[in-house]
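First the structure, in the form of structure tokens, and then the observations on it.
Listed below in structure tokens is the structure:
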């Protein structure tokens, strides 16, 4: 079986805990490759197809399940693939053709790949991905949104004369998103029949398209390789809106309207020039450089006409809103690296990078209702960021490697704005903020033998004027890793810690994270069975100064602190067993559990208890955490009926439970039965 790195597992569980939509690991398709090879016309041909039925039984909050897993019932082509290959390279127009498709045609997550190549003449690569996304979850604050969208990614790359000293590169990408949904919009002022305590609700027909066209060359000469690519990025958003005030939903304060019309197109182009230079052969002095320049422009417009009637006052009000804006963004990025190899024991690397971003934009606003509101808003933003890093690696003996690094960065942010009203105008002075970061890092790699490896790394940094309260200011981090291998065994242990303090008068911020864990796998030489498992623990706590909402009406509210705590435990165990040549069994289990800080959620005198997230108050301190559990056991059985036919069956359970609220909990049993035919 394929082993996943621990970082991958942590990333998956973090996505689950954050409520972000993403495909969960599933038992399909069955991880077997075609083994039937035919040789028609001098080509080696192998192909297979796996088709069957998928089922899903969901209990609890189906909206949360659909926003995270979203598998349903029905017939599926789980996987289809084919490879045509000619080793001697004597095909007329084709030496290799590969095709693979997963999830067609009804799974919410699908992708297909195609590769075609004539050795020395051309190489074509294509990838097509489909993601059907559902989101109708409750909002944290007032307002609500929902979408049932289909996102389609296409990537096409054509290389002419691959492997030669002069390669021609052509490419095209397309990213589109379509689907129905709904949204709400707040009412800024109470005017006539409009009440600022209400919301407008619109039905949406999402229409977003992004096209990228590119052409370039790869050149090789004198031991150097040069890549030059020119691309054009085109973006269009023409979402359609219609009144949805009569549709039921979670909001009770939806503004009743007699008519509603809204248009909000956004269009723009961004040309991008990319140059890259590198040394092809290792020398005493090696160079590598990259330069990217882009200059994008966006144009946006908003027109909204809404009419409402108040029967209690026999009053009808029309509100018209017009916004026209444009913006340009010029961005220059350059990076150069010089690597010195004075001896076999020493390696010295210096990297200098520059990033410059200049944004210019303005918008004209006009609102007509019972009164007229009109102004022009102009904004400039400049960001210049320069970094330099020097790193030295020294190997005193074969088993020990030491490294030390010094990193420096200088960032300047400049802003300027202006507002123009019909009667007057004012302009802000140019404001600039500089931040300098000095950081030192080091580490050691120790390999006392073939079976044992150890490493330790650390970094200490200081910044003088960080941009945000949560930015790094006075920080240090340490990490270590130990790995042991022997006769099919691989055992790895790791730990890490990061501490950051960003003191200020109003919003003093500090954070501390610690993590540790292990991963172990065993694969005996006979290959009849394998085991893979691990455990990790991540602790995170942050503290920041906030405004005390509970004392907001007092003349001098006391300072308040907000604390967030996470104690995330993740575990996984998987085994693959092959008792005979015809039977393969896979068993797995994954668990992610955040215990929070153990505090009960706050209950108010009126009986209202905040359910999202867990919230508690102790004097002038606020405590927040998200205690929850996610688990997913799975099993898969494969029976080889004959040399060309296999029967597969799989089951996977998804269980999601929030300790601070049961409203979003769900559990689901999903599974499938399929046949794989190789031919």
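Residue numbers (my numbering): 23 to 701. By construction, the Cβ of each residue, glycine as well, lies at the ideal position given by its N, Cα and C atoms.
Taking all protein chains in view, the Cβ of residue 205 is crowded by 16 or more other Cβ atoms within 10 Å, so the residue is classified as buried. Pairwise C-beta distances place the segment 255–263 out of contact with the segment 297–305, as fewer than three of them are shorter than 8 Å. Taking residue 452 as the centre and dropping the five residues before and after it, the same chain places the C-beta of 436, 438 closer than 7 Å to its C-beta, in chain order. Only residues of its own chain outside the window of five on either side were considered, and among them 187 have a CB closer than 6 Å to the CB of residue 242, listed in chain order.
In this structure, DSSP gives residue 89 a helical state, which the three-state scheme calls helix.
When DSSP reads this structure, residue 431 sits in a beta bridge with 409, 459.
In the structure shown, residue 487 falls within a coil segment according to DSSP collapsed to helix, strand and coil. Cβ-Cβ distances below 6 Å link residue 381 to 351, 403 in the same chain, with the five nearest sequence neighbours on each side left out; the list follows chain order. Put simply, the backbone Cα of residue 156 is about 13 Å away from that of residue 83. Excluding the 5 residues flanking it on each side, residue 524 has same chain C-beta neighbours closer than 8 Å at 488, 491, 492, 493, 494, 495, 496, 530, 531, 532, in chain order. With distances taken between CA atoms, residue 593 lies nearest to 654 out of 654, 534, 584. For residue 172, the uninterrupted beta strand (DSSP E) run begins and ends at 168–182, by DSSP. The C-beta separation of residue 348 from residue 384 comes to about 7 Å, placing the pair in contact by the 8 Å criterion. Using a Cβ-Cβ distance cut-off of 8 Å, the segment 316–327 and the segment 189–200 are not in contact, since fewer than three pairs of beta carbons, one from each stretch, lie closer than that value.
For the set 179, 286, 281, 210, the Cα lying nearest the Cα of residue 238 is the one of 179. Segment contact: the segment 392–400 against the segment 358–369, fewer than three CB-CB distances shorter than 8 Å; contact not assigned. In the DSSP annotation of this structure, residue 686 is not part of any beta strand (DSSP E), being labelled neither H nor E.
Residue 664 counts as exposed, since fewer than 16 other C-beta atoms from the protein chains shown sit within 10 angstroms of its C-beta. Under the three-state reduction of DSSP output, residue 64 falls in the helix class. Under the three-state reduction of DSSP, residue 550 is assigned to coil, being neither helix nor strand. Using a C-beta cut-off of 8 Å, the segment 210–224 makes contact with the segment 276–291, since at least three inter-stretch Cβ pairs fall below that distance. In the structure shown, the three-state DSSP call for residue 145 is strand.
Nearest Cα to residue 209 within the set 336, 502, 585, 329: 329. By the Cβ neighbour-count rule, residue 432 is exposed, with fewer than 16 other Cβ atoms within 10 Å of its own. When the Cα atoms are used, residue 427 and residue 174 turn out to be separated by approximately 43 Å. Contact between residue 102 and residue 123 holds, with the beta-carbon distance rounding to 5 Å and staying under 8 Å. Rounded to the nearest whole angstrom, the CA to CA distance from residue 421 to residue 406 is 42 Å.
For a cut-off of 8 Å, the C-beta gap from residue 248 to residue 293 is around 20 Å, too long to register as a contact.
Per DSSP, reduced to three states, the secondary structure at residue 223 is strand. Secondary structure of residue 367 (DSSP, three-state): coil.
Partner residues in the beta bridge of residue 253, as assigned by DSSP, are 236, 294. Secondary-structure assignment with DSSP links residue 529 through no beta bridge to anything. The residues 82, 83, 86, 87, 678, in chain order, have a CB closer than 6 Å to that of residue 688 in the same chain once the five nearest residues on each side in sequence are set aside.
Non-local beta-carbon contacts of residue 201 in its own chain, meaning distances under 7 Å to residues more than five positions away in sequence, involve 169, 170, 171, 172, 228 in chain order.
In this structure, the straight-line span from the alpha carbon of residue 544 to that of residue 611 is close to 17 Å. Spanning the alpha carbons of residue 126 and residue 133 requires a straight line of approximately 8 Å.
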